[in-house]
Amino acid sequence: MAHSSCFIFVFFLLLFLIYPTASSSNICETSCDMDVTPIQFPFQLVGDNEANQINRTSRCGYPGFELSCNEGRTMIHLPHSGNFLVDTISYDNQKLWIRDPENCLPKRFLNNSFNLKGSIFQLSGDYILMDFTFYNCSSKVTLPYPLPPVPCLSSDHNPNFSVVAVWSGPQIAPFVAQCDPISSASLPYSVTNGPYWMNLNDEIGLQWNTPSCGDCVAKQGRCDFLTDTGLEVACYLPHRPGLSKFAKLGLSLGMGIPGLLCVIWIVYLCTGKRRESEERRRRSDIELNHNIAGRSSVVVMGLDGETIEKYPMTRIGDSGRLPDPNNNVCSICLGEYLPQDALRTIPDCNHYFHANCIDSWLHMNASCPLCRKLPHS
-9 MAHSSCFIFV FFLLLFLIYP TASSSNICET SCDMDVTPIQ FPFQLVGDNE
41 ANQINRTSRC GYPGFELSCN EGRTMIHLPH SGNFLVDTIS YDNQKLWIRD
91 PENCLPKRFL NNSFNLKGSI FQLSGDYILM DFTFYNCSSK VTLPYPLPPV
141 PCLSSDHNPN FSVVAVWSGP QIAPFVAQCD PISSASLPYS VTNGPYWMNL
191 NDEIGLQWNT PSCGDCVAKQ GRCDFLTDTG LEVACYLPHR PGLSKFAKLG
241 LSLGMGIPGL LCVIWIVYLC TGKRRESEER RRRSDIELNH NIAGRSSVVV
291 MGLDGETIEK YPMTRIGDSG RLPDPNNNVC SICLGEYLPQ DALRTIPDCN
341 HYFHANCIDS WLHMNASCPL CRKLPHS
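The numbering of the sequence shown is our numbering, which starts it at -9 and goes up by one.
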């Protein structure tokens, strides 16, 4: 009898669990073949195939968030900058990271500065626009360490020339007088990824403010349009399972002491497994958010003039002796230190630079250009 009652309850309980209280699938969620990043609201996939036509007619995305697939990779088009590969999308942080399909960002900006005009995206908080000048230098020119040539612009077939990008700061490195200028451009630079010459060919972080769906995604909800016509959005939280009428019917058919004991035992097992599953998912979410947090917004602000003036400043004597004989090149302008040059030192790390170079830098960004250390106060 006990086994019979337990079997009846389990039967109805399983029916209850698999009975679709609400559809969890979203016909709008998709992805390109070679990418694991899901494409979901506010983004939508547009194109010529049938699935993309469904997306287009079902209001799957917010205007301005159109993506496409090219050879299995996710692409985005920026009106004044062209097409880019989408590396990652962080829906809860409302950020995405893009890169050049040919892995040569500097080439994209030789004639046109990076421009987000006409786009709903902005540079991520840890990016700033900096002015660079590209130079074509012959092999006879000795490039100062650690400035490398731009690999994708320096042809392997012509080793007699190489292209370098130099920050257009207040002091120009002497070696550029021996090179031919190509063009100047404003490029997005991540102030958290080390000196500028290390990441010019890296990805670009963008963010969006509207629609605001980050909190909804963080709660494991689904952000979507509120109505079939307007642009107002709402957060649809997942249904929390409870004792529905269907479950109560199952309980009533499995009544009796043996059935009640069976209920208690099954609920105990299910609750334990669900808690284990939620705990694993919570740990996984924490790890994922931790990884993304390493790339998420860092609002970088420069220092005021009064604070900068408090940093120690020295002048090189006629002997040319430096505080560190091994550090004889300004890491910002890449020019050698000469007698009578004014140097300013960052107290927290003791790195020093040309005073006018580091002053301009600190007005934009408070961290050291070399070690990225921020001031204590």
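Positions of the beta carbon are idealized from the N, C-alpha and C atoms, including for glycine.
As the structure is a prediction and not an experimental result, all values here were calculated from the model.
- In this structure, DSSP gives Trp198 a state outside helix and strand, which the three-state scheme calls coil.
- For Leu68, the enclosing beta strand (DSSP E) covers residues 63 to 68.
- Contact check for Leu360 and Val156: beta-carbon distance about 17 Å, past the 8 Å limit, so the pair fails to qualify.
- Counting the other Cβ atoms within 10 Å of the Cβ of Lys85 gives 16 or more, which makes it buried.
- Between Asn105 and Leu68, the gap from beta carbon to beta carbon is short of 9 Å.
- Take the alpha-carbon of Pro141 and the one of Ser129: they are about 14 Å apart.
- Residue burial is scored here from C-beta neighbours: Val257 has fewer than 16 other C-beta atoms within 10 angstroms and is therefore classed as exposed.
- For Cys59, the enclosing beta strand (DSSP E) begins and ends at 56 to 60.
- Around His341, the same chain offers Cys358, Leu360 as residues with beta carbons nearer than 6 Å, after the five sequence neighbours per side are excluded.
- The shortest CA-to-CA distance from Tyr327 to any of Phe122, Pro164, Leu57 is the one to Pro164.
- Counting along the chain, the unbroken alpha helix (DSSP H) around Asn346 starts and ends at 345 to 354.
- For Leu133, no beta strand (DSSP E) segment is defined, and its DSSP state is neither H nor E.
- When the Cα atoms are used, Cys206 and Tyr226 turn out to be separated by approximately 8 Å.
- Per DSSP, Ile88 is one residue of the beta strand (DSSP E) stretching across 85 to 89.
- If you look at Asp77, you'll find it in the beta strand (DSSP E) that goes 72 to 80.
- Rounded to whole angstroms, Ile247 and Arg264 show a C-alpha spacing of 25 Å.
- Nearest neighbour of Phe111 by Cα position, chosen from Asp331, Trp255, Phe33, turns out to be Phe33.
- Under the 10 Å beta carbon count, Met24 is surrounded by fewer than 16 other beta carbons and is classified as exposed.
- Cβ contact annotation for Cys94 (same chain, cutoff 6 Å, sequence separation greater than five): Cys142, in chain order.
- Put simply, the stretch 114 to 127 touches the stretch 165 to 182. At least three CB pairs are less than 8 Å apart.
- 9 Å or more divides the Cβ of Ile66 from the Cβ of Tyr117.
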